[in-house]
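*Asks:* So that we are looking at the same thing, I have put the structure below in structure tokens.
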Amino acid sequence: MAVVASAPGKVLLTGGYLILERPNAGLVLSTNARFYAIVKPLHEHTEPESGGGKWVDVKLTSPQLCRESLYKLSPENFTIQCISSIELRNPFVKHAVQYSVAAAHGIFDKNKKDSLHRLLLQGLDITILGCNDFYSYRNQIEARGLPLTPESLISFPPFASITFNAEESNSENCKPEVAKTGLGSSAAMTTAVVAALLNYLGVVNLSSPRGQDKENDIKDLDMVHVIAQTAHCIAQGKVGSGFDVCSAVYGSQRYVRFSPEVLATAQVAVKGPLEEVIVNILKGKWDHERTEFSLPPLMNLLLGEPGAGGSSTPSMVGAVKKWQKSDPQKSQETWNKLSEANLGLEKQLNLLRKLAAEHWDVYKCIISGCSILGSKKWMEQATEQSQQAIVKALLGARDAMLEIRNHMRQMGEAAGVPIEPKSQTQLLDATMELEGVLLAGVPGAGGFDAVFAITLGDSSRHVIESWTSLNVLALLVREDPNGVALESGDPRSKNIAPSV
């Protein structure tokens with residue numbers, strides 16, 4: 001029986017750079033872009049002997065890359081070896097397999113271990129699929145002579161093939177032609193694989209309807225989170241903030257990172273007894289903080305791809321850290337101001353959610369009216385006190401975003417990296433002047449990759465048209481506050497054509 005799990009990509013609304021250090025928070029929106037993992041037995045019957053010993057056969061398939069790799073996994077020390085002539089180099093999936101199996105072995109009693117061993121000897125057949133939203137199809141759209149619109153993106157089949165550069169196609173280091181859109185594909189993929197494996201192996205049960213057994217639901221999600229977070233950090237060779245994995249598991253949230261020390265044993269004991277390491281990590285003090293967060297009602301997330309070239313987040317983060325060391329006083333001042341602005345935006349968005357709950361009809365009327373006006377005319381809609389409170393919160397959110405952008409630009413200039421390059425500044429300023437636009441900014445670490453806008457009511461179509469005229473491709477990504485989920489079947493058998 002196949003198990004299919006999915007996990008969402010993310011957009012970091014606030015908290016770029018600051019989120020790397022406790023106790024700074026970030027607002028993370030999960031999206032409708034999802035990575036899928038399908039896990040099923042590789043053999044109909046158990047394979048008692050394989051290669052002179054009891055090894056677990058593992059097949060990893062990525063249809064979008066037209067790649068397939070075969071591995072041997074030791075069920076005793078959980079080492080994994082590629083036995084294919086061409087390896088689908090994916091350290092995230094390899095570590096997800098190792099750590100998931102080690103976790104199952106570490107927490108099961110003897111009877112369950114025997115059942116686990118029999119199940120593993122049937123082999124593991126793992127397929128990974130990423131929604132098109134994780135990848136940039138801008139070049140292909142232009143090559144086809146199509147307009148830079150969401151409708152052109154819809155013309156691509158779901159889970160479209162990712163082609164390779166012809167001159168590098170036989171090289172071990174070949175890279176896909178298709179660039180990424182910065183939604184955290186590796187975190188979503190790792191989380192989906194871990195969730196599918198842990199469910200398949202009987203460690204968690206993600207199939208129960210959410211809310212019926214809330215305590216066990218959270219325990220199962222916590223298990224997925226710890227294993228996915230560990231596998232992702234070890235695969236990328238560093239302990240990041242973890243917000244991307246956390247949002248892939250739990251969905252949209254306000255996030256404060258975990259203390260990196262919790263993964264110290266995993267970092268130093270990669271070649272040690274993995275089962276023992278995983279059990280210790282599961283018992284470790286995971287002190288991250290997550291609070292429920294989502295956009296206020298009648299607000300929409302839009303992402304745009306300017307097509308100005310990609311940015312490297314690790315190198316930009318490295319440059320900012322170098323600046324912090326070289327000028328600790330100035331950098332701390334900038335961080336404090338940026339933190340205050342982040343908290344200011346969070347406060348206004350939470351206030352808008354509260355006002356929507358308390359004065360729904362008034363809120364709905366104000367959002368509808370502001371959606372067809374520029375921000376300078378919003379206060380004209382408010383004649384009563386309750387209306388004025390809503391408009392003040394909207395304008396307060398805009399002011400906070402402008403402050404955030406200002407401090408992010410200053411940080412980029414001081415560190416010598418393009419956190420909000422001039423081309424992005426011009427685009428964002430123009431976007432914030434459009435009718436019905438609450439906010440616009442660069443997500444996460446910034447750079448040239450993407451821009452986001454938060455729009456009111458039905459104003460998104462107007463923004464998309466404006467972006468198209470400015471040579472910006474509006475993506476199909478929207479906010480979806482849900483995290484990891486078990487799916488009813490193979491997503492390729494469903495009609496997942498996204499709507500504009």
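Residue 97 in full-length UniProt numbering sits at position 97 of the sequence shown, and the numbers go up by one each step.
Glycine included, each C-beta is placed from N, C-alpha and C at the ideal position.
The structure presented is a predicted model; accordingly, all values stated were derived computationally and were not measured.
Exposed or buried, what is residue 503 when buried is set at 16 or more other beta-carbons lying within 10 Å of its beta-carbon?
*Replies:* This structure gives no information on residue 503, because the portion of the chain shown stretches from 1 to 500.
*Asks:* Grab me the residues of Leu351's own chain with a C-beta within less than 6 Å of its C-beta, minus the 5 sequence neighbours each way, in chain order.
*Replies:* Only Ala393 meet the Cβ criterion.
*Asks:* Is Met411 helix, strand or coil by DSSP?
*Replies:* Of the three classes helix, strand and coil, the one that applies to Met411 here is helix, per DSSP.
*Asks:* Tell me Ser62's beta-bridge partners as DSSP assigns them.
*Replies:* For Ser62, which the question treats as bridged, DSSP gives the partners Arg67.
*Asks:* Using the three-state DSSP reduction, which class does Met316 fall into: helix, strand or coil?
*Replies:* In this structure, Met316 counts as helix in the three-state DSSP scheme.
*Asks:* In the DSSP assignment, find the unbroken beta strand (DSSP E) run with Ile126 in it and report its ends.
*Replies:* Taken as a continuous stretch (DSSP letters only), the beta strand (DSSP E) holding Ile126 covers Leu124 to Gly130.
*Asks:* Taking 8 Å as the cut-off, does the stretch 227 to 238 touch the stretch 182 to 191 (at least 3 CB pairs, one atom from each stretch)?
*Replies:* Cβ pair count under 8 Å is three or more, so yes.
*Asks:* If you check the beta carbons only, do residue 557 and Thr181 fall under 7 Å apart?
*Replies:* This structure cannot speak to residue 557, because the chain is shown only from 1 to 500.
*Asks:* Rounded to whole angstroms, what's the CA-CA distance from Ile429 to Gly202? Just pull it up for me.
*Replies:* According to the sequence displayed, residue 429 carries Asp and not Ile. The alpha-carbon atoms of Asp429 and Gly202 are separated by roughly 51 Å.
*Asks:* With Val28 and Ser252 assumed to form a contact (beta carbons below 8 Å), what rounded beta-carbon distance in angstroms separates them?
*Replies:* Rounded, the Cβ-Cβ distance is 6 Å, consistent with contact.
*Asks:* Return the chain-ordered ranges of every beta strand (DSSP E) run that is complete within the UniProt domain "GHMP kinase C-terminal" (402 to 467) and spans a minimum of 3 residues.
*Replies:* The qualifying runs are 437 to 441 and 451 to 456.
*Asks:* Shortest alpha-carbon distance to Gly374 belongs to which of Phe156, Arg89 and Leu456?
*Replies:* Among Phe156, Arg89 and Leu456, the Cα nearest to that of Gly374 is on Leu456.
*Asks:* Please report how far the alpha carbon of Ala195 lies from the alpha carbon of Gly483, in whole angstroms.
*Replies:* For Ala195 and Gly483, the distance between alpha carbons rounds to 11 Å.
*Asks:* For Ala65 and Phe159, what's the separation of their Cα atoms in angstroms?
*Replies:* The question names Ala, yet the displayed sequence has Leu at residue 65. C-alpha separation (whole angstroms): 10 Å.
*Asks:* Mark Pro8 as exposed unless 16 or more other C-beta atoms lie within 10 angstroms of its C-beta, in which case mark it buried.
*Replies:* Buried: at least 16 other Cβ atoms inside 10 Å.
*Asks:* Have a look at Ser161 and Phe35 and give me their C-alpha separation to the nearest angstrom.
*Replies:* Each residue's alpha carbon lies about 15 Å from the other.
*Asks:* Where does Gly344 fall in DSSP's three states?
*Replies:* Helix.
*Asks:* Where do the N-terminal and C-terminal ends of the alpha helix (DSSP H) with Ala7 fall, by residue?
*Replies:* No alpha helix (DSSP H) contains Ala7, which is instead part of the beta strand (DSSP E) from Val3 to Thr14.
*Asks:* Enumerated in chain order, which unbroken segments of the beta strand (DSSP E) with a length of 3 residues or greater are wholly contained in the stretch 87 to 162?
*Replies:* Qualifying beta strand (DSSP E) stretches, in chain order: 124 to 130.
*Asks:* Short of 6 Å in beta carbon distance, which residues of its chain neighbour Glu487, apart from the five on each side in sequence? Order them along the chain.
*Replies:* So the list reads Val4 and Ser6, once near-sequence residues are dropped.
*Asks:* Taking three-plus beta-carbon pairs below 8 Å as touching, is the stretch 403 to 411 in contact with the stretch 355 to 366?
*Replies:* Not touching, per the Cβ criterion.
*Asks:* At the level of alpha carbons, what is the spacing between His43 and Gly123?
*Replies:* Spanning the two alpha carbons is a distance of roughly 6 Å.
*Asks:* Is Glu168 helix, strand or coil by DSSP?
*Replies:* Because the pLDDT at Glu168 is just 44, under 50, the model does not fix this residue reliably, and the point stays unresolved.
*Asks:* Could you tell me whether the Cβ atoms of Thr46 and Thr127 are closer together than 7 Å?
*Replies:* No, the pair does not count as a contact, with Cβ atoms beyond the cut-off.
*Asks:* Check this for me: beta carbons of Val463 and Leu434, under 7 Å apart or not?
*Replies:* Yes, the Cβ-Cβ distance between Val463 and Leu434 is below 7 Å.
*Asks:* Give the DSSP-derived three-state secondary structure of Ile367 in the structure shown.
*Replies:* Note: Ile367 maps to helix in three-state DSSP.
*Asks:* When DSSP labels each residue in this structure, what does Pro481 get in the three-state scheme?
*Replies:* Of the three classes helix, strand and coil, the one that applies to Pro481 here is coil, per DSSP.
*Asks:* To the nearest angstrom, how far is the alpha carbon of Glu151 from that of Ser368?
*Replies:* Rounded to the nearest angstrom, the two C-alpha atoms are 25 Å apart.
*Asks:* Nearest to Asn139 by alpha carbon, out of Lys54, Gly436 and Phe156?
*Replies:* Checked all of Lys54, Gly436 and Phe156; the closest Cα to Asn139 is Phe156.
*Asks:* Between Gly16 and Ala445, which are expected to be in contact by the criterion C-beta below 8 Å, what is the C-beta distance as a whole number of angstroms?
*Replies:* 5 Å between Cβ atoms; contact.
*Asks:* List the whole-angstrom C-beta distance separating Gln348 from Gly412, where the pair is believed to meet the contact cut-off of C-beta under 8 Å.
*Replies:* Their Cβ separation, rounded to whole angstroms, is 24 Å, which puts Gln348 and Gly412 out of contact at 8 Å.
*Asks:* Tell me whether Glu384 sits in a helix, a strand or coil according to DSSP, three-state version.
*Replies:* Here Glu384 sits in coil by DSSP.
*Asks:* Flag this pair as yes or no: are the beta carbons of Ile281 and Ala264 separated by less than 7 Å?
*Replies:* It is not a contact, given that the beta carbons lie outside the stated cut-off.
*Asks:* Are the beta-carbon atoms belonging to Leu197 and Leu303 less than 7 Å from one another?
*Replies:* Going by C-beta atoms, Leu197 is not nearer than 7 Å to Leu303.
*Asks:* Would you call Ile38 buried or exposed, if buried means 16 or more other Cβ atoms sit within 10 Å of its Cβ?
*Replies:* By the neighbour-count rule (16 or more Cβ atoms within 10 Å), Ile38 is buried.
*Asks:* The beta strand (DSSP E) with Lys40 in it runs from where to where?
*Replies:* Counting along the chain, the beta strand (DSSP E) containing Lys40 begins and ends at Ala25 to Pro41.
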